[in-house]
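A.B. asks: Take the sequence shown: its position 203, counted from the start at 1, is 202 in numbering that gives the first Met the number 0, and no numbers get skipped. The beta-carbon is built from N, C-alpha and C at its ideal position, and this holds for glycine as well. All of these numbers come straight from a predicted model, not from anything done at the bench. Please read through the structure below; I'll follow up with questions.
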Amino acid sequence: MKTGNIPNIDEVYEEFKKYFYTSQRDNEEELKELKKYAAYFCSMALDKEEDKELKEAFSDLRELKVDVSYPLLLELYNDYKIGILSKNDFIEIIRLIESYVFRRAVCGIPTNSLNKTFASFGKSIIKEKYLESVKAHFNKMTSYRRFPNDEEFVTELTCRDLYNFRSRSYWLRRLENHDRKERVNVSEYTIEHILPQNNDLNLDWRRALGPDWEKIQQKYVHTIGNLTLTGYNTEYSDKFFTDKRDMKGGFRESPLKLNRGLANLETWNEETILQRAENLAKEALKVWQYPQLDQTILEQYRKKEETLTEYSIDSYEYLKEGKAKNLFEKLRKELLSLDPEISEEYLKLYIAYKLETNVVDVVPQKDKLKLFINIKFNELNDPKELCRDVSQTGHWGNGDVELILSSEEDIAYVINLVRQAIEKQYGNGESI
0 MKTGNIPNID
10 EVYEEFKKYF
20 YTSQRDNEEE
30 LKELKKYAAY
40 FCSMALDKEE
50 DKELKEAFSD
60 LRELKVDVSY
70 PLLLELYNDY
80 KIGILSKNDF
90 IEIIRLIESY
100 VFRRAVCGIP
110 TNSLNKTFAS
120 FGKSIIKEKY
130 LESVKAHFNK
140 MTSYRRFPND
150 EEFVTELTCR
160 DLYNFRSRSY
170 WLRRLENHDR
180 KERVNVSEYT
190 IEHILPQNND
200 LNLDWRRALG
210 PDWEKIQQKY
220 VHTIGNLTLT
230 GYNTEYSDKF
240 FTDKRDMKGG
250 FRESPLKLNR
260 GLANLETWNE
270 ETILQRAENL
280 AKEALKVWQY
290 PQLDQTILEQ
300 YRKKEETLTE
310 YSIDSYEYLK
320 EGKAKNLFEK
330 LRKELLSLDP
340 EISEEYLKLY
350 IAYKLETNVV
360 DVVPQKDKLK
370 LFINIKFNEL
380 NDPKELCRDV
390 SQTGHWGNGD
400 VELILSSEED
410 IAYVINLVRQ
420 AIEKQYGNGE
430 SI
């Protein structure tokens, strides 16, 4: 949280010692700081929060098991405690983080990069415009970091398998309890398929679904339109819809929001499944909201981002003409095409190419380019042996790997090395 770096779990203590020695704080001062943030962490992660609304927000977020958000949340919590961030705005930001994580999970976006996304998020916050700047940053993220918009979210929510979803009890509970004064204890109910998942459907079900009953069952059985919570005995799960509706504890008697409307239906088929999915999706947009922001305000944030740097390509003597300039132009084109999220930043001594953190830094030199790739030397596959380990050597730029590029013929090879660094940091992963 303090440094923005993300060490491996077995290197945390060493990184803390480096931070402590460079911060020049005395022992007592540092211990007080550790105690303060430990208390914040207990409030968020260990259910020790005393404020009811914050407690509920933290509880919902914990259920998604997104521990990588804590570096950002600790900063937010501290700002809330010292009065920079209001409670209402703090809760809204927590809800946006929850929505961001859940929407991405529903849309099947890999989670690998979330730790870096949250670790660097605080740098984009303008504390005089706290909530607005958080919304702006969420809006600006694209590609694998994106906050899925309403259209993408609804499309995936209504068609994907949400029964075999890791967080299925979470989404059912959140839909049921949204805007309720008293929360329903979902653990007292059973997750139910309205259209049974039994492949051997009885005759009533086959008639209701029509000649394509097998295809319809296969397509919709685990989708949101067909899933609910019930209080009746699971031995009745294969019975026809009207039996489930009218039995003791059935849909007609259900006090749950999720079952509203089922009491008035006479059958259950593809049409009613799709209609219920549409209705639940509308409710889901209220639960897991998108960070709405006026476009004129958002454009102001984009313009600020573009004007932050005081350097340009003209700031580098060796990029004005000659071999280094030609090499750079070709390399630059390939680097920027690696990922739509890659940004380019001109600094005093080098040009940085970043995702959440630096991927590769380019130092222009006479007739060549010196590159620093942000990956550990022993993790890089370099059959041509063009790279050297500079982890113990002082150097400009970020990364443990140095490489000299002096020939256009090596650009494709260099791009492959950079791609390894990207895959190591942000590669394909499993969604929540």
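Less than 8 angstroms between the C-beta atoms of Leu368 and Leu330, yes or no?
C.D. replies: Start at 1 with the first residue of the sequence shown, and residue 368 comes out as number 369. Start at 1 with the first residue of the sequence shown, and residue 330 comes out as number 331. Yes, they are a contact pair.
A.B. asks: Please state if the CB of Val359 and the CB of Trp395 are separated by a distance shorter than 8 angstroms.
C.D. replies: Residue 395 sits at position 396 when you count from the first residue of the sequence shown. Residue 359 sits at position 360 when you count from the first residue of the sequence shown. It is not a contact, given that the beta carbons lie outside the stated cut-off.
A.B. asks: Kindly indicate which three-state DSSP category Pro70 falls into: helix, strand or coil?
C.D. replies: Locating residue 70 in the sequence shown gives position 71, counting from the first residue. Helix, per DSSP.
A.B. asks: For Thr266, which of helix, strand or coil comes out of DSSP?
C.D. replies: For the purposes of this step, residue 266 is taken as the residue at position 267 of the sequence shown. In this structure, Thr266 counts as coil in the three-state DSSP scheme.
A.B. asks: Should Arg102 be labelled buried (16 or more other beta-carbon atoms within 10 Å of its own) or exposed?
C.D. replies: Reading the sequence shown from its first residue, position 103 is the one you call residue 102. Per the 10 Å Cβ criterion, buried.
A.B. asks: Leaving out five residues on either side along the sequence, give the residues of the same chain with a beta carbon under 8 angstroms from the beta carbon of Asn325.
C.D. replies: If you number the sequence shown from 1, residue 325 lands on position 326. Taken in chain order, the residues that qualify are Glu407.
A.B. asks: Could you give the distance in angstroms between the alpha-carbon of Ser166 and the alpha-carbon of Leu95?
C.D. replies: Residue 166 sits at position 167 when you count from the first residue of the sequence shown. Residue 95 sits at position 96 when you count from the first residue of the sequence shown. When rounded, the distance between both Cα atoms is 17 angstroms.
A.B. asks: Below 8 angstroms on the Cβ atoms is my contact criterion, and I expect Leu257 with Glu175 to pass it. Report the Cβ-Cβ distance as a whole number of Å.
C.D. replies: Along the sequence shown, read from residue 1 onward, the residue named residue 257 stands at position 258. Along the sequence shown, read from residue 1 onward, the residue named residue 175 stands at position 176. Indeed they touch by this definition, with Cβ atoms about 5 angstroms apart.
A.B. asks: Which whole-angstrom value describes the C-beta separation of Leu284 and Asp66, a residue pair presumed to lie in contact below a C-beta threshold of 8 angstroms?
C.D. replies: Looking up residue 284 in the sequence shown gives position 285. Looking up residue 66 in the sequence shown gives position 67. At roughly 27 angstroms, the Cβ-Cβ gap does not stay under 8 angstroms, so Leu284 and Asp66 are not in contact.
A.B. asks: Using only alpha-carbon positions, find the residue among Ile374, Lys134, Ala44 and Asp313 that is nearest to Tyr289.
C.D. replies: To locate residue 289, count along the sequence shown from 1; it is residue 290. Residue Lys134 is the option with its Cα nearest to Tyr289.
A.B. asks: Expressed to the nearest angstrom, what Euclidean distance is found between the alpha-carbon atoms of Ser85 and Arg179?
C.D. replies: Position 86 of the sequence shown, counting from 1, holds the residue named residue 85. Position 180 of the sequence shown, counting from 1, holds the residue named residue 179. So the two alpha carbons sit approximately 23 angstroms from each other.
A.B. asks: Do Phe117 and Ser68 have their C-beta atoms within less than 8 angstroms of each other?
C.D. replies: By one-based count along the sequence shown, residue 117 stands at place 118. By one-based count along the sequence shown, residue 68 stands at place 69. The answer is yes: Cβ separation under 8 angstroms.
A.B. asks: Alpha helix (DSSP H) containing Tyr36: first to last residue?
C.D. replies: Mapped onto the sequence shown, residue 36 falls at position 37. Asn26 to Ala44 is the span of the alpha helix (DSSP H), which, as asked, contains Tyr36.
A.B. asks: Tell me whether the beta-carbon of Leu130 lies closer than 8 angstroms to the beta-carbon of Asp78.
C.D. replies: In the sequence shown, residue 130 corresponds to position 131, counting from 1. In the sequence shown, residue 78 corresponds to position 79, counting from 1. It is not a contact, given that the beta carbons lie outside the stated cut-off.
A.B. asks: Distance, Cα to Cα, Lys365 vs Leu402?
C.D. replies: Residue numbering aside, residue 365 sits at position 366 when the sequence shown is read from its first letter. Residue numbering aside, residue 402 sits at position 403 when the sequence shown is read from its first letter. Those two C-alpha atoms are separated by around 15 angstroms.
A.B. asks: Quick check on DSSP: helix, strand or coil for Ser311?
C.D. replies: As a working mapping, residue 311 is identified with position 312 in the sequence shown. DSSP places Ser311 in coil when its eight states are reduced to three.
A.B. asks: State the Cα-Cα distance for the pair Ile431 and Ser98, rounded to the nearest angstrom.
C.D. replies: Stepping through the sequence shown from its first residue, residue 431 is reached at position 432. Stepping through the sequence shown from its first residue, residue 98 is reached at position 99. In this predicted model, Ile431 has a pLDDT of only 49, less than 50, meaning its place in the structure is not dependable enough to derive any value.
A.B. asks: Taking 8 angstroms as the threshold (C-beta atoms), are Thr222 and Ala276 in contact?
C.D. replies: In the sequence shown, counting from the first residue as 1, residue 276 sits at position 277. In the sequence shown, counting from the first residue as 1, residue 222 sits at position 223. Yes. Within cutoff.
A.B. asks: What's the call for Ala420, buried or exposed, on a 16-neighbour Cβ count within 10 Å?
C.D. replies: Counted from its first residue, the sequence shown places residue 420 at position 421. Ala420 is buried by the Cβ-count criterion.
A.B. asks: From the DSSP secondary-structure annotation, give me the bridge partner or partners of Arg182.
C.D. replies: As a working note, residue 182 is residue 183 in the sequence shown. Beta-bridge pairing links Arg182 to no other residue.
A.B. asks: Kindly provide the ranges of any beta strand (DSSP E) runs that are 3 or more residues long and lie completely inside the segment 339-404, ordered along the chain.
C.D. replies: The qualifying runs are 342-345, 350-353, 357-364, 367-372, 386-388 and 400-404.
A.B. asks: Might you give, ordered along the chain, the residues of its own chain that have their beta carbon closer than 8 angstroms to the beta carbon of Glu52, omitting 5 neighbours on each side?
C.D. replies: Taking the first residue of the sequence shown as 1, we reach residue 52 at position 53. Here the set comprises Lys86 and Ile90.
A.B. asks: May I ask you to report which of helix, strand or coil DSSP gives His221?
C.D. replies: By one-based count along the sequence shown, residue 221 stands at place 222. Coil.
A.B. asks: With 16 as the cutoff for other CB atoms within 10 Å, does Gly224 come out buried or exposed?
C.D. replies: Within the sequence shown, numbered from 1, the residue matching residue 224 stands at position 225. Its Cβ being crowded by 16 or more others within 10 Å, Gly224 is buried.
A.B. asks: Mind reading off the beta-carbon distance from Glu340 to Thr141? Whole number of angstroms is fine, and I expect it under 8 angstroms.
C.D. replies: Here residue 340 corresponds to residue number 341 of the sequence shown, with the count starting at 1. Here residue 141 corresponds to residue number 142 of the sequence shown, with the count starting at 1. About 6 angstroms; that satisfies the 8 angstroms criterion.
A.B. asks: Look at the Cβ atom of Tyr412, then the Cβ atom of Lys375, and state whether they are nearer than 8 angstroms.
C.D. replies: Counting from 1 along the sequence shown, the entry for residue 412 is found at position 413. Counting from 1 along the sequence shown, the entry for residue 375 is found at position 376. Against a cut-off of 8 angstroms, the Cβ pair of Lys375 and Tyr412 comes out as no contact.
A.B. asks: With DSSP collapsed to three states, give me the class of Glu14.
C.D. replies: Counting from one through the sequence shown, the residue named residue 14 turns up at place 15. Of the three classes helix, strand and coil, the one that applies to Glu14 here is helix, per DSSP.
A.B. asks: Helix, strand or coil: how does DSSP classify Ala63 here?
C.D. replies: As a first step, residue 63 must be located in the sequence shown, where it is residue number 64. It is worth fixing the name first, because residue 63 is Leu in this sequence and not Ala. Coil, per DSSP.
A.B. asks: Classify Leu74: buried if its beta carbon has 16 or more other beta carbons within 10 angstroms, exposed otherwise.
C.D. replies: Counting from 1 along the sequence shown, the entry for residue 74 is found at position 75. As written in the sequence, residue 74 is Glu, which differs from the Leu given in the question. Classification of Glu74: buried, given that the 10 Å Cβ count is 16 or more.
A.B. asks: Straight-line CA distance for Ala262 to Arg244?
C.D. replies: Within the sequence shown, residue 262 is the residue found at index 263, counting from 1. Within the sequence shown, residue 244 is the residue found at index 245, counting from 1. Straight-line Cα distance between these residues: approximately 6 angstroms.
A.B. asks: Can you tell me whether DSSP reads His177 as helix, strand or coil?
C.D. replies: Position 178 of the sequence shown holds residue 177. Residue state, collapsed to three classes: coil.
A.B. asks: Thinking C-beta only, is Tyr315 closer than 8 angstroms to Leu346?
C.D. replies: Counting from 1 along the sequence shown, the entry for residue 346 is found at position 347. Counting from 1 along the sequence shown, the entry for residue 315 is found at position 316. No, the Cβ-Cβ distance between Leu346 and Tyr315 is not below 8 angstroms.
A.B. asks: Can you name the residues that DSSP bridges to Leu226?
C.D. replies: Position 227 of the sequence shown, counted from the first residue, corresponds to residue 226. His192.
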